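Novice: Residue numbers (our numbering): 6 to 236.
Beta carbons: idealized from backbone N, C-alpha and C, even for Gly.
Quick caveat, the model's predicted, so the values are computed rather than measured.
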């Protein structure tokens with residue numbers, strides 16, 4: 006059922022959003038470095054790599070600059086138009102093609118680069134490999150303001166590896182354990198809600214029983230609204 010909905014919804018979205026996607030493609034071609042799409046190897050179902058599509062928003066040699074594969078708020082590697090695309094999440098829309106082709110699902114653990122995937126605890130990796138990665142999911146909803154969190158950290162890479170990723174892994178484990186059509190539809194609803202009303206904390210009210218966040222996140226300024234809703 007979930008795969009049927011993935012094909013149906015991603016196909017409809019590609020058709021409906023084509024009037025928006027085409028101008029974005031033209032604008033990217035005429036600005037920045039002239040690159041339209043960015044294809045990156047990510048870890049998918051069964052631990053297999055696949056090419057994830059995004060609109061190009063950063064300098065081509067970004068992985069070898071600054072904080073590497075970790076992106077922070079106001080990252081100088083992000084191109085001017087890319088800032089708009091990233092803030093609105095429009096840069097993720099090409100992944101609708103990944104969903105239609107079967108690499109991904111609308112809902113699931115966000116696909117990671119090999120470097121980031123390897124940071125997950127072993128138990129989290131074993132759970133994540135059981136399902137298709139998602140365009141959205143519990144981890145990406147809770148960490149919608151991840152770049153803001155990293156921006157305020159004195160050591161973004163350490164904070165990402167030692168604080169964010171273990172908890173994100175626990176969230177993805179929760180999703181895999183609870184997966185089913187009801188959880189799938191709830192996650193779609195929550196995703197739409199937080200896009201329209203960011204910071205509302207609705208995720209904690211709709212998705213009951215999520216793992217308790219560690220103290221370093223609960224006390225983080227960019228986690229506060231979610232903390233209030235969770236309590």
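#1: My assumption, with CB atoms under 8 Å, is that residue 132 sits in contact with residue 181. Please give the rounded CB distance.
#2: Can at least three beta-carbon pairs, one atom from the stretch 101-116 and one from the stretch 153-163, be found at a separation below 8 Å?
#3: The alpha helix (DSSP H) spanning residue 9 covers which residue range?
#4: Could you pull out every residue in the same chain whose Cβ sits closer than 8 Å to the Cβ of residue 63, ignoring the five residues on either side in sequence?
#5: How many Å lie between residue 166 and residue 149 at the Cα?
#6: Report back the beta-carbon spacing between residue 186 and residue 111 to the nearest angstrom; my notes put them in contact at under 8 Å.
#7: Residue 139: which of 23, 162, 93, 196 sits nearest, CA to CA?
#8: From residue 191 to residue 172, what distance separates their C-alpha atoms?
#9: Leaving out five residues before and five after residue 17 in sequence, what residues of the same chain have Cβ atoms less than 6 Å from its Cβ?
#10: Alpha carbon to alpha carbon, how far is residue 136 from residue 51?
#11: Quick one: using the 10 Å Cβ neighbour count with 16 as the cut-off for buried, is residue 13 buried or exposed?
#12: Of all the options 49, 170, 201, which has the alpha carbon lying nearest to the alpha carbon of residue 144?
#13: Determine the direct distance from the alpha carbon of residue 39 to that of residue 91, and round the result to whole angstroms.
#14: Residues in the same chain with beta-carbon distance under 8 Å from residue 175, minus the five sequence neighbours each way, listed in chain order, please.
#15: From the DSSP output, in three-state form, read off residue 2 for me.
#16: Within the present structure, is the beta-carbon of residue 37 separated from the nearest heavy atom of the ligand NAD by less than 6 Å?
#17: Leaving out the 5 sequence neighbours to the left and right, which residues in its chain are closer than 8 Å to residue 94 when beta-carbon positions are compared?
#18: Flag this pair as yes or no: are the beta carbons of residue 115 and residue 142 separated by less than 7 Å?
Specialist: So, from the data block:
#1: 4 Å
#2: no
#3: 7-35
#4: 43, 76, 80, 82, 83, 84, 87
#5: 17 Å
#6: Between residue 111 and residue 186 the Cβ distance is about 12 Å, and since that is not below 8 Å, they are no contact.
#7: 196
#8: 21 Å
#9: none
#10: 8 Å
#11: exposed
#12: 170
#13: 17 Å
#14: 129, 216
#15: Only positions 6 to 236 of the chain appear in this structure, which leaves residue 2 out of reach.
#16: As for the ligand NAD, it is missing from this structure, which has no ligand bound.
#17: 200
#18: yes
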